[in-house]
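**Q**
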Amino acid sequence: MSSIDFDEVLVHVGEKGKYQNIMYYLLCISATLPAAFLAFSQVFVSASPEHWCRIPELDNLTDLMTLEERKALSLPYVEKSDGKVKKYSKCKMYDVNYTAIVESWLENAVLENATEEDGEAKRTRSRSGLPPPPVGNPDWPVTKCRHGWIYDNRDYDSTLVTELDLVCDNSWWPSTSTTFFYVGSLFGNVVFGWIADKWGRRTAFFAILFLEVIFSIATSFSPNYVIYTALRTVNGLSFPAIYQIPFILALELMGPRYRTFAGMVICMFFASAMSLLAVLGYLLRHWFTLSLATSVPFVLLFSYYWIIPESPRWLLSKNRIDEAEVIVQRMAKINGRTVPNNFLRKMEVEILRRQGVSCNGTNSGENPESNEAEDRSPPPAATPMDLIRNPNIRKKFFILAFDWVANAVVYNGLSYNATNLGVSDYLAFFIGGLVEIPSYVITWYAMDRLGRRWVLCLTMLLGGVACVSCMFVPEADAVWVTVSLAMIGKFGIAASFAVFYVFVGELLPTVLRSQAMGIASFIAGIGLLAFPYIVHLAVYSRVLPLIIMGTLSVAGALTSIFLPETLNIHLPQTIEEGELFGADFKLWSCPTLPRSVSSSPSSSSPPSSSPSLSSQSLFPRENDDDAFIKKESVDKSESVPLRFLVNGRPGNRSLQEEPAATGAATTPEAKLDTENSVLSVERASTTGQESEEELARPIDKRVDDPLVAVVIVEQRRTQ
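Read in order, the letters of the sequence shown correspond to residues 1 to 719 in full-length UniProt numbering.
1) Could you name the residues that DSSP lists as bridge partners for K18?
2) How about G489 and G463: do their beta carbons lie closer than 8 Å?
3) Can the beta-carbon of L537 be found closer than 8 Å to that of V483?
4) Following the continuous beta strand (DSSP E) through H51, name the residue where it begins and the one where it ends.
5) Counting along the chain, where does the beta strand (DSSP E) carrying Y94 start and finish?
6) Does the distance from the CB of A401 to the CB of T459 come in under 8 Å?
7) Thinking C-beta only, is P134 closer than 8 Å to L73?
8) I'd like to check one pair, V43 with T443: are the Cβ atoms closer than 8 Å?
9) Which residue from L251, T383, K346, Y156 puts its Cα closest to that of R285?
10) For the beta strand (DSSP E) containing K144, name the first residue and the last one.
11) Would you mind listing the beta strand (DSSP E) stretches within the stretch 481 to 546 that are 3+ residues and don't spill past its ends, in chain order?
12) How long is the line joining the alpha carbons of L166 and P174, rounded to whole angstroms?
13) Using DSSP bridges, identify the partner residues of L150.
14) With distances taken between CB atoms, is the gap from V234 to S46 smaller than 8 Å?
15) Between F472 and L67, what straight-line distance do the alpha-carbon atoms span, to the nearest angstrom?
16) With burial defined as no fewer than 16 other Cβ atoms inside 10 Å of the residue's Cβ, what is the status of S600: buried or exposed?
17) Comparing alpha-carbon positions, which option in L427, T294, P223, I248 lies nearest S216?
18) Judging by CA-CA distance, which residue of A35, I575, P438 is the nearest neighbour of I388?
19) Just mark N417 as buried or exposed, buried being the case when its beta carbon has 16 or more other beta carbons within 10 Å.
20) Do you know whose CA, among V535, P49, S541, lies nearest V479's CA?
21) Which of the three DSSP states is assigned to H286 in this structure?
22) Is K586 helix, strand or coil by DSSP?
23) With DSSP collapsed to three states, give me the class of E310.
24) In angstroms, rounded to a whole number, what distance separates the CA positions of I437 and G188?
25) Looking only at DSSP bridge pairs, what is Y77 linked to?
26) Quick check on S424: does DSSP put it in helix, strand or coil?
27) Between the alpha carbons of V296 and W287, how many angstroms are there, rounded?
28) If distances are taken between C-alpha atoms only, which option among R54, N390, M347, C467 comes closest to R146?
29) Would you tell me roughly how many angstroms separate the C-alpha atoms of N153 and E50, rounded to the nearest one?
30) Can you tell me whether DSSP reads S303 as helix, strand or coil?
31) Would you mind stating whether L290 and Y225 have Cβ atoms separated by less than 8 Å?
32) Provide the residue(s) that pair with S158 in DSSP beta bridges, ordered along the chain.
33) Below 7 Å CB to CB, which residues in the same chain sit around L301 once its five sequence neighbours on both sides are set aside?
34) Mind reading off the beta-carbon distance from W194 to Q515? Whole number of angstroms is fine, and I expect it under 8 Å.
35) I'd like to check one pair, E252 with S311: are the Cβ atoms closer than 8 Å?
36) Which of the three DSSP states is assigned to V13 in this structure?
Shown next, in the form of structure tokens:
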């Protein structure tokens, strides 16, 4: 792995210039439209409209009996759970001789005329001598539908459910198809996460795109639901990797100051894609046409092969510096920046020199033969076992995995549950996508002020409480109250999911990021296997799925506060940096800005002739907060060990010390001896009363910043 920090490279070529803007918005399109259409088109493709038993004996009586009168004769009532709502049964009919009943009723019937009103065929009959139409008797025997079903085609011309009669005893098929889709995603996340880390983000992206396009088109021609389910299972391999991999690629092209921007805007694209899907469903109405419209256009995305580069951050992690150099030079040119030829090679040589490592891979002042094998051997490749071996990474990973389960189940569940809210499927789904956009705007504003962890906690709590509150709403009398609470729940969980994707990318080190996200998605996918059946519980009570999902969201909110804050922290890249990150954070702490040496209380101490650390950083940045500190030691006979903690990120650290017990604030002054490549720290006195022993004693302190690194140096005494 190269020692170059790509965040430092972006300072010179532009953290978010024209190049990043072009690539970012292209990747937004390729990530959000295919992902949203792939995952949620089944809401409309396999929609189950209102239906009831078909009675052949009543089919020819449309001139004599209205639809409501035919239902009243043939269908028993079913009471809902609250006892107030009565609806005709969808799956049962009265088991009687309808021919005899109708003939008896028509014996004295006299027809007079028929009229047309408002474009709908409405028949009027003469009532002279004709009794009211017969009505079903609750005491009549009841049986299952024997002759199929009649479907309400006001919202759908045709769906897979209406074509294949997947209702009543077969109503589990659409839920099972969705479950198998997420079974595929379980394995796809791990496989494509591994491919992305081993062969690159770009390679993984085009492999996913090929799979998604081919099998999405194939599902449109499924002859039966078994084959449709099988094709959806294979198609599930590409979700949500089709969203995650382009997102990772876009995130790794950005500087740290724009990670929030990258996360929020791509979520707005996804919300817009959800609303667009509702519009397409409303306009097309036929499942076959909709299925093709949400798959065939993505063939055009293969043109990205000549546009989208590999992630230079990933290339550096694989020590492929020359390939990264080509991308960096192109990036600098388009951004209007100028960098020298072989910029990355020169940067690496300078970093190694500062670390006291010669160009031949040996430490300065040491025996080259004894260290050659150790220094030249590359670091072992990161594996999923690193998530378990390192306790701090393990804790963060398990919390992230549970929160991913909660976010995924609730978000997907609320999206699919739009058809159970008692209003138009298209309208509910459209509003569900629309409410996500302001949630991202508010989250975008809050994340850089309140930090990631508290925004994640509060938004999950909002969504969960709103959904659970539906249990107090009368189902019969307040449909739009339930809809409103469900949309507030969608608002909250969408905001938390947006924070979560940024958060998880920042918490995990670069060498493990894709693998860890893939494994966490695998765990979340196991939870997702249950959400179609949670949504299916609406057949018993409309609010039951909302209560279950709301409870899960509240549980996720409570666990999220145990994660460290990542605001103003650069991405950890190695396993070691990931393990140090958040090792000592306060549970109830709020994010703080890094402090620089120059702005510390010791600034009033006498200046030293040695150059300050901030002015001698390896690649100077725009402010002193970005000092570059390495682990060094002074090989002197008369020196005492001095331990201190460093706030910030690798390559962006400042010093800070607790006030002494006497109340006198002291702060170590860091100096960099560029000639000897030595970092020395001298303790500054604010009272002038400290003895030599007091100045030399180890500094025992704690810091509030989530990324804490322990550095051992030696303090040079005045001889």
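Glycine residues also receive a C-beta, built at the ideal position from the N, C-alpha and C atoms.
**A** Taking the geometry as given:
1) Paired residue(s): none; K18 is not in a bridge.
2) yes
3) no
4) 51 to 53
5) 92 to 94
6) no
7) yes
8) no
9) Y156
10) 142 to 144
11) none
12) 8 Å
13) Per the sequence shown, the amino acid found at residue 150 is Ile instead of Leu. Per DSSP, W52.
14) no
15) 34 Å
16) Unreliable positioning characterises S600 in this predicted model, as indicated by a pLDDT of 35, which lies under 50. The coordinate reading is nonetheless provided below. S600 should be labelled buried.
17) T294
18) I575
19) buried
20) S541
21) strand
22) coil
23) coil
24) 28 Å
25) Y88
26) coil
27) 14 Å
28) R54
29) 8 Å
30) helix
31) no
32) H286
33) S30, L209
34) 6 Å
35) yes
36) helix
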